[in-house]
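K.L.:
By this note's numbering, the letter at position 31 of the sequence shown is numbered 23, and the numbering carries on one by one without gaps.
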Amino acid sequence: MAIRYPRLDVVFSANHPDVPRTELPGLVVDVDQRTVLVDGRPIELPFLEFELLAHLVASPLRVHSRGQLMEAIWGRPDNGDTRTIATHIARIRRKLGPGHRDAIATVRQVGYKYDPRLVQAAA
């Protein structure tokens, strides 16, 4: 699925594996309904944050390079600007909350992965 924004001259391309719904400990991402549940409560994510989270959780434990994420989510190659991805990841972590934010792990000098083993049990 590609969405063209003519004023931006950019194509956003969401390439999720054929996984319409991903259920992990405390996290449900439903691509068809575009919903995210964290410990049973819905959270709102803007388009690109949703796409990025859905892409990461569709392949738990797989390390995604920044270049792969730029290509998969933004539909363009990495131009060396890592701030775009880092900013979106920071926003997603904040919205996931303290028990789940660490599950989006930074792999230094490579990229990011979603690791469900890092989800902290609710106190």
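The C-beta atom is built at its ideal place from N, Cα and C for all residues, glycine as well.
#1: Touching or not, the stretch 9 to 24 and the stretch 54 to 71, by the rule of three or more beta carbon pairs under 8 Å?
#2: Find the nearest neighbour of PRO38 within the set ILE84, ARG109 and ASP70, judged by alpha-carbon distance.
#3: When the Cα atoms are used, what is the spatial distance from GLY18 to VAL30?
#4: Jot down the residue ranges of each uninterrupted beta strand (DSSP E) in the stretch 4 to 46, minimum 3 residues, whole runs only, in chain order.
#5: Helix, strand or coil for HIS56 per DSSP?
#6: With 16 as the cutoff for other CB atoms within 10 Å, does GLU36 come out buried or exposed?
#7: Taking Cβ to Cβ, would you say VAL49 is nearer than 8 Å to TYR106?
#8: Mapping the DSSP letters down to three states, classify ALA(-6) as helix, strand or coil.
#9: Quick one: Cα of GLU63 to Cα of THR27, how far?
#10: What do you reckon, are the CB atoms on ILE77 and ILE96 nearer than 8 Å?
#11: Ignore the nearest five residues each way along the sequence and tell me which others in PRO52's own chain have a CB closer than 6 Å to its CB.
#12: Rounded to whole angstroms, what is the Cα-Cα separation between PHE42 and VAL102?
P.N.:
Concretely, from the data shown:
#1: A contact between stretches requires three or more CB pairs, one per stretch, nearer than 8 Å, and the stretch 9 to 24 fails this requirement with the stretch 54 to 71.
#2: Locating residue 38 in the sequence shown gives position 46, counting from the first residue. Ranking ILE84, ARG109 and ASP70 by CA distance to the CA of PRO38 puts ILE84 first.
#3: Residue numbering aside, residue 18 sits at position 26 when the sequence shown is read from its first letter. Residue numbering aside, residue 30 sits at position 38 when the sequence shown is read from its first letter. Rounded to the nearest angstrom, the two C-alpha atoms are 6 Å apart.
#4: Qualifying beta strand (DSSP E) stretches, in chain order: 13 to 16, 19 to 22, 27 to 30 and 33 to 35.
#5: Your numbering for residue 56 matches position 64 in the sequence shown. Correct three-state label for HIS56: strand.
#6: Along the sequence shown, read from residue 1 onward, the residue named residue 36 stands at position 44. Exposed.
#7: Indexing the sequence shown from 1 puts residue 49 at position 57. Indexing the sequence shown from 1 puts residue 106 at position 114. The answer is yes: Cβ separation under 8 Å.
#8: Here residue -6 refers to the residue found at position 2 when the sequence shown is read from its first residue. In this prediction, ALA(-6) scores a pLDDT of 49, lower than 50, which makes its location untrustworthy; no coordinate-derived value is stated.
#9: Taking the first residue of the sequence shown as position 1, residue 63 is located at position 71. Taking the first residue of the sequence shown as position 1, residue 27 is located at position 35. Spanning the two alpha carbons is a distance of roughly 23 Å.
#10: Walking along the sequence shown from the start, residue 77 turns up at place 85. Walking along the sequence shown from the start, residue 96 turns up at place 104. Cβ distance not < 8 Å, so ILE77 and ILE96 don't count as in contact.
#11: On the sequence shown, position 60 is the one that residue 52 refers to. Correct list, in chain order: TYR106 and PRO108.
#12: Stepping through the sequence shown from its first residue, residue 42 is reached at position 50. Stepping through the sequence shown from its first residue, residue 102 is reached at position 110. If I take the Cα positions, the gap works out to 21 Å.
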